[in-house]
Structures are given as structure tokens and as C-alpha cells.
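In the working numbering, the protein residues as written are 150 to 365. The structure under discussion appears below in the form of C-alpha cells.
This is the structure we're talking about:
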């Protein structure tokens, strides 16, 4: 955990290096860590954030505005309540409140908010600015679907833990519905890079989980 924390802190320091408001940056960072350290967070925690930053590093040369993606990664799950239907909107508002304290220009803030809100249904608005960057950002967030069997199994178990308050019948119904919504899409991933590497595996993983949920 310490290494993950240090890694994400390094990303925060890089993103906020332009600001000399050291006390405010310290306060904002502590608020972020508090949010991601909740006991109910088994998957949507700093490990998830670190994984997305690693993908950003891997595809860095494809990105136009790394600052937008960098902030969007950090804040996109900062509000996470399995009983709430507007986590993304709340996370976007949280990000805006933080970034305004650092005097980040409104154009960048607006893009960060758009990116975060897009994680609600992983759809890309036709008129969105930074279309390519948003495509990669959403693929980073969805990349867990295309990992190997063992990692995917662990991921699905962590999601179930986050919904522990829901009884099995209700969870199975909701989870299957969410997974089927992904399967009916022509493409799970928005970029050629991720489609070539992960599309087929993601569909295999999702189909396997749906089958398991039906049998349980």
C-alpha cells in the first residue's frame, strides 16, 4: 500500500507543481486520500487509481492533454457510494471545488468534469473536446475487463464486496444487467489500441461472469 500511495502522491505532485499553495495542496491531498481509503472500497481505491496512471504512462505519447486525464483519473471515483446514482456528478463537482482552489483554468476544469461524468455510461459525446483523450481515459477505466482470468475473478469478487449490503438475488440481477449492457455494445473499448489487445478477452470474461451468476 505504501508504494501505491507514494506513486499516486508523485502523480499529484506533478499535476499540481504549477501551484505554490503548499498548505492548500496538502489539505486537498489529505481529503483525496481520506476518500479513497474508505473501508467499503475494495476495488475503487488507490490501487485502481494507480493502475490507470500506469496505463497513462504506457500510452502517454498518444495523449494531447495529460493534465486533463491526470486530474480525471485522480478524481473520477473520489465519491463512491453503491446506494447513489450520481457518484460521477458528485465526483465532478468535488474535482471542480478542489481545482478552483488551485486556480486551475476553467477550460481545463470543464474538460476534467466532462471526462469524469463520461464514466457513468462510458459514452463519448459527439461534440466533446479532446475526443481522443477521452477515448483513452475511458479505455483505461475499462481495462480491468480485459485482464487474465485470475485477475478478473479477483476484480469481480471485490465488486461483490463493495455491494455487500445487497442480498444475493438483488446483486446478481443488477450485476448481470450491468454486464449485459456492456456486451451489447458493438465495441467495449473506444480505441483501436485497446480493442486489438483486450476486446475479445473482455467479452470472454464478462460472459463467464454472467454464466457464473446464473448458476449460483
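C-beta: ideal position from N, C-alpha, C; glycine also.
Quick one, which of the options has its alpha-carbon nearest residue i's?
i           : options               : result
residue 331 : 315, 238, 227 and 356 : 356
residue 166 : 213, 220, 186 and 209 : 220
residue 211 : 234, 261 and 286      : 286
residue 233 : 269, 300, 298 and 354 : 269
residue 225 : 255, 213, 301 and 271 : 271
residue 358 : 265, 298, 168 and 236 : 298
residue 242 : 265, 168 and 344      : 265
residue 360 : 344, 240, 329 and 183 : 329
What is the C-beta distance between residue i and residue j, in whole angstroms, given that I count them as a contact (C-beta under 8 Å)?
i           : j           : result
residue 258 : residue 238 : Not confirmed; about 15 Å, so no contact.
residue 251 : residue 337 : Not confirmed; about 35 Å, so no contact.
residue 354 : residue 301 : 4 Å
Which same chain residues end up closer than 8 Å to residue i when comparing Cβ atoms and leaving out the 5 residues on each side of it in sequence?
i           : result
residue 365 : 317 and 321
residue 273 : 267, 280, 283, 284, 287 and 339
residue 215 : 205 and 209
residue 213 : 279, 281 and 282
Excluding five sequence neighbours on each side, which residues of the same chain lie with their C-beta closer than 7 Å to the C-beta of residue i?
i           : result
residue 181 : 223 and 227
residue 204 : 289 and 292
residue 277 : 263 and 283
residue 374 : Residue coverage of the chain in this structure runs from 150 to 365, which leaves residue 374 outside it and unanswerable.
Have a look at residue i and residue j and give me their C-alpha separation to the nearest angstrom.
i           : j           : result
residue 159 : residue 217 : 16 Å
residue 362 : residue 325 : 7 Å
residue 342 : residue 207 : 11 Å
residue 261 : residue 253 : 11 Å
residue 335 : residue 313 : 31 Å
residue 348 : residue 303 : 19 Å
residue 230 : residue 152 : 26 Å
residue 263 : residue 170 : 26 Å
residue 179 : residue 236 : 20 Å
residue 323 : residue 305 : 13 Å
residue 295 : residue 187 : 26 Å
residue 177 : residue 319 : 37 Å
Beta-carbon within less than 6 Å of residue i's beta-carbon, same chain only, minus the 5 sequence neighbours each way: which residues are those?
i           : result
residue 191 : 307, 310 and 311
residue 185 : 194 and 195
residue 248 : 258
Hey, would you say the C-beta of residue i is under 7 Å away from at least one heavy atom of the ligand ADP?
i           : result
residue 325 : In the structure on display, the ligand ADP does not appear, and there are no ligands present to speak of.
Original post:
Counting Cβ pairs, one atom from each stretch, are 3 or more of them under 8 Å apart for the segment 196-210 and the segment 153-169?
Top reply: Yes, the segment 196-210 is in contact with the segment 153-169.
Original post:
Between the segment 278-289 and the segment 159-171, are three or more C-beta pairs nearer than 8 Å?
Top reply: The segment 278-289 vs the segment 159-171: no contact.
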